[in-house]
Amino acid sequence: MTKYANLIILFILLFVGILLKDSINISTNLLSLFATKESVEKLNIANNLGYSKEMLIAIKGFDSKAKKEVREISKKLRELKHINFVQSSIVPTEEIQDYYKNNYSILAKFNDANITQEQVSQKLQALYDAQLSNIFYSSIDKNDPLALFELENIKHSSISHKGEFITLGEYGFLIRVMTDIAPSQMDEAKELYEDVHDMLKEYPQVVAFAPFFYTVENSSKIKADVQWIIILSTVILLLIYYLLIKNIRLLSQTVIALVSSMLFASLISTVFIENFNILSLAFGMSLTAVSIDYLLHYHFHNFYETSKKIDKNVLYGYLTTLSAFAIFSFIPIPLISQISSFAVLSLSFAYVLFTFVFPYLRLKKYEEPNKVQSVRQEKKVPAIVVFVLSLALFIYSASNFKLDSNIRNLDYQNLHLLEAEKLFKSNSGVKLTPVIVEATTQDKLIENLHELKSLLPDTFSLASFVKDKQSCKKRQEELKAYDFARLNRLINEEASKIGFKEGYFEDAYAFVSPLALCDVKELDIFKTYGLSLYHDKDIYYTIALVSDVKKIENFSFISSINVKEMFNKAAQKMYDDLLYFGSIVLVFIFVLLLLSVKTQFIYAINYILFPLSFTMAILVSMDAINIMHLFSLIILIAIGIDYGIYMSNSKKPTNTMLAVKYSLLSTIAAFGVLIFSTIVALNSIGIVIALGCGAIFILIKVMR
Amino acid sequence: MIQKTIIFLLLASSLFAQTYNFTELRYSDAINRSIQVEGKISFNIDGLNISYPQSAREIDYKNDTLIYYENDKEVSLPEMQASKMMQYFDILRLLHKGDESELEGMFEIENKSNIKILKPLGAIKNYINLIELRKYDNELKYIKLFLQNNDTISININD
Chain L
496 MTKYANLIIL FILLFVGILL KDSINISTNL LSLFATKESV EKLNIANNLG
546 YSKEMLIAIK GFDSKAKKEV REISKKLREL KHINFVQSSI VPTEEIQDYY
596 KNNYSILAKF NDANITQEQV SQKLQALYDA QLSNIFYSSI DKNDPLALFE
646 LENIKHSSIS HKGEFITLGE YGFLIRVMTD IAPSQMDEAK ELYEDVHDML
696 KEYPQVVAFA PFFYTVENSS KIKADVQWII ILSTVILLLI YYLLIKNIRL
746 LSQTVIALVS SMLFASLIST VFIENFNILS LAFGMSLTAV SIDYLLHYHF
796 HNFYETSKKI DKNVLYGYLT TLSAFAIFSF IPIPLISQIS SFAVLSLSFA
846 YVLFTFVFPY LRLKKYEEPN KVQSVRQEKK VPAIVVFVLS LALFIYSASN
896 FKLDSNIRNL DYQNLHLLEA EKLFKSNSGV KLTPVIVEAT TQDKLIENLH
946 ELKSLLPDTF SLASFVKDKQ SCKKRQEELK AYDFARLNRL INEEASKIGF
996 KEGYFEDAYA FVSPLALCDV KELDIFKTYG LSLYHDKDIY YTIALVSDVK
1046 KIENFSFISS INVKEMFNKA AQKMYDDLLY FGSIVLVFIF VLLLLSVKTQ
1096 FIYAINYILF PLSFTMAILV SMDAINIMHL FSLIILIAIG IDYGIYMSNS
1146 KKPTNTMLAV KYSLLSTIAA FGVLIFSTIV ALNSIGIVIA LGCGAIFILI
1196 KVMR
Chain C
23 MIQKTIIFLL LASSLFAQTY NFTELRYSDA INRSIQVEGK ISFNIDGLNI
73 SYPQSAREID YKNDTLIYYE NDKEVSLPEM QASKMMQYFD ILRLLHKGDE
123 SELEGMFEIE NKSNIKILKP LGAIKNYINL IELRKYDNEL KYIKLFLQNN
173 DTISININD
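Line by line, the protein sequences are chains L and C.
With positions in the first sequence counted from 1, the corresponding number in our numbering is that position plus 495.
With positions in the second sequence counted from 1, the corresponding number in our numbering is that position plus 22.
Structure representation (structure tokens):
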């Protein structure tokens, strides 16, 4: 029965998994792994305000063919699903025109000077003469013949145009499309992506871009990439176990143990840790493969054949790795803390299985080869030299250290989409940045927007269209005080004398009554300008486009939604946290190593310092360091600790070396193959692990 | 080679440009009177040119830019007026071109033998009630715009 203990444990875990399946929570929101909670909240608000749901379509040139294409494409776009509105012209929508008509007396400038009968006569005479003498047609405004009201042209500072058509700088015409798709809505994004691209097949010169295009294109590329990596990794692992160790039972039992460990850690993490992310789960599972070195050490030293309950070296290795990940589990970077928590659980479970369950599995004994190659001590380098070299490499790395704070660089580098995005950014003459403006009431929100506009007059927001309540009330008073009835009478009397058609001006200035209201209800109509209103938990939000964010930073009702800046700040904080926690972990490891290996301290610590310094020196020589490089360096520490302890305390160095070599091969199979990935995040891990493992191979060969 | 190309392009542009003499009759509802002016209109690839020789006025509309001349001197027009004129000229160009697919995006079209009635669909319906076009021998000869304020503008192509 004990022979099947490993399998029974797996079945128990699977059974528990089925029981707990409703309590399992896995988050797929990758953004929450990198951005702070506040940033994620802000981006959610921005999404609700339509930011990032916009699709842009550029038609090259300004000729009549381009204009024709703009009309055709706009028409076809309006027929597609998931499209809220299409804007290719600066001509206001009918709703906005109605809004202007209904609120004209409030929105337009009003000259409330008293007008004499003589002035009325002069102005009307000038209008009459112009009708007869003007070479171009000019119309008479019968509602406001004296031009007392003047509506200022609203400067669409967020939009450049030629005639009525919106343009993309000097590139050509632009169509702005508001979709209802956030970049995270995979199925809907794919549907619209395909519809748009099918429709644009007829127009090969037309370029389209939307943030959700990345979701669609990158996810299929990432999927294909990961599938190929998994196949490669599995093949290499099977080759190592079958061709090198030639022990199928050991292989199957190890696979069962690793699956049980992953399952155990997955269950605990997804049931008890809030918002445990799918990416952390994937990394955590890979990290479990590090525990293979416990098994290999036991196997090559025939630990299962002895009556010993515990191997001190493996215990020290496990405890040191455990301590490092336990410390990292407190880091305020969700990705690293989640992976570290997972590692603590999975490595502990694997340690328990390999140490206390495997002795009962009656595994085949490791047969030592008869001829053991003697280790040629004379050609090896003293540990102190490697230590000094490692320090020198650290100094070199520190002096050439460059951080890549752009988290987007970690994603799959979709060059064709990046180029399309660049086309829109580089040709857009608009230099305005969006910010979120908030207030507890709608009136207060409009007031805040006007305050913003008074400081930065080129701000484009709802304040460009809506008066604040105070100014509106003031205008209402002015209109009430003005004698429009007298003016109407004067106009009609004088018009009749001049020769205008009888009764032509009978409705002059009738539009001022009834007075327009100051409570604007139809703010949704300005969505076509990208100006939405969003109401959540008694707070009203809208977007304003400003020319200088720094000037308004101190306004409490404003928050920036510059995604790049947001991620840069988040990345900087991540690096700081990683440096702080990394230092604590290193000090802790130093102390534990000192206790476990005593006089062999320098020798053992070299298994951490040399791979780290060697890898970092090569990385800084190649490019800037990203967060995934740093994270992989932590994995390297975890690997190095175990080998340092095993190698320095080994009584059978040849067997230990063999265990370490196979363990390194397993690690390369699990992580090193990521070097072939086209996704920068995965590729970064692959490079670090491959270089680190290479450095450890060098150490095994050359250090004494 | 370059010279030849330039000469060819100049020739081509003058060949493609179509010039017509026209008579414009405007009815102003405000004064209940009509005014008649005569001029010359040229349609070319990128825009149009209208001149009124009797009053030495000329307007050039090219690539969405409007330039107005009085006695051969450039005179700037108020932005609002220029913008309205450009919209009007765009409609004239579209009518001259007669591309049904383009017109359909902006108007509801009704055909009655040699008369075409266009009813605006978008924002221009705030200014224009309808447009009547008359063709003779497949050539556009008459355009009449019925404006919202009861004014009308009739353009007769004399050539």
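Backbone N, C-alpha and C fix where the C-beta goes; we use that ideal spot for every residue, glycine too.
Local conformation of residue i per DSSP, three classes
i       : result
L/P929  : strand
L/T674  : strand
C/P75   : helix
L/P1009 : coil
L/V754  : helix
L/K604  : strand
L/V1155 : helix
L/V876  : strand
L/V961  : coil
L/L940  : helix
L/V702  : strand
L/H796  : coil
Interface residues of chain C facing residue i [CB-CB closer than 7 Å]
i      : result
L/G994 : I53
L/S583 : Neighbours of L/S583 on chain C: none; closest Cβ ~10 Å, over 7 Å.
L/Q630 : The question names Gln, but residue 630 of chain L is Ile in the sequence shown. Per Cβ cutoff of 7 Å: V59, Y74, S77, R79.
L/I635 : A52
Anticipated Cβ contact below 8 Å, residue i with residue j, distance rounded
i       : j      : result
L/A1003 : L/N638 : 6 Å
L/E989  : L/V615 : 5 Å
L/L1026 : L/S956 : 6 Å
L/S835  : L/L951 : Rounded, the Cβ-Cβ distance is 45 Å, inconsistent with contact.
Inter-residue spacing [alpha-carbon to alpha-carbon] between residue i and residue j
i       : j       : result
L/V930  : L/L544  : 11 Å
L/F882  : L/N1150 : 25 Å
C/S176  : C/E132  : 19 Å
L/L1010 : L/D682  : 49 Å
L/S1167 : L/A878  : Before going on, a small fix: residue 1167 of chain L reads as Gly here, not Ser. Each residue's alpha carbon lies about 26 Å from the other.
L/S900  : L/L842  : 31 Å
L/S892  : L/F825  : 27 Å
L/S923  : L/A915  : 13 Å
L/G1181 : L/V1115 : 16 Å
C/L88   : L/S1172 : 56 Å
L/A621  : L/K537  : 56 Å
L/I768  : L/L776  : 12 Å
L/L940  : L/F1052 : 9 Å
L/G1139 : L/S534  : 41 Å
L/L1089 : L/F1096 : 6 Å
C/S73   : C/E96   : 13 Å
L/Q626  : L/L912  : 56 Å
L/L1186 : L/L746  : 26 Å
Extent of the continuous beta strand (DSSP E) to which residue i belongs
i       : result
L/E914  : Looking at the DSSP string, L/E914 is not in any beta strand (DSSP E); the run it does join, the alpha helix (DSSP H), is 910-922.
L/M550  : 549-555
C/Q40   : 40-50
L/F1052 : L/F1052 -> no beta strand (DSSP E), and no H or E assigned at all.
L/A1039 : 1034-1041
L/V581  : 578-582
C/F65   : 55-66
C/Y91   : 87-92
C/Y164  : 161-169
C/E96   : 95-97
Span of the alpha helix (DSSP H), counted from its first residue to its last, around residue i
i      : result
C/K134 : Per DSSP, C/K134 belongs to no alpha helix (DSSP H); it is in the beta strand (DSSP E), 129-134.
L/Q833 : 829-847
L/E589 : 589-597
Contact set between residue i and chain L, taken where Cβ atoms lie within less than 8 Å
i      : result
C/D86  : F557, K657, G658, F660
C/N171 : S634, I635, K637
Interface partners of residue i on chain C, CB under 9 Å
i      : result
L/S959 : Chain C residues near L/S959: none, gap ~17 Å exceeds 9 Å.
L/Y999 : D51, A52, I53, N54
7 Å Cβ cut-off: residues of chain L touching residue i
i      : result
C/S50  : Q626
C/E124 : K563, R566
C/N148 : Q592
C/Q109 : E659
Chain L residues whose Cβ lies nearer than 9 Å to that of residue i
i      : result
C/I175 : Y632
Cross-chain neighbours of residue i in chain C, by beta carbon under 8 Å
i       : result
L/K1228 : The question about residue 1228 of chain L has no answer here: the residues shown for chain L are numbered 496 through 1199.
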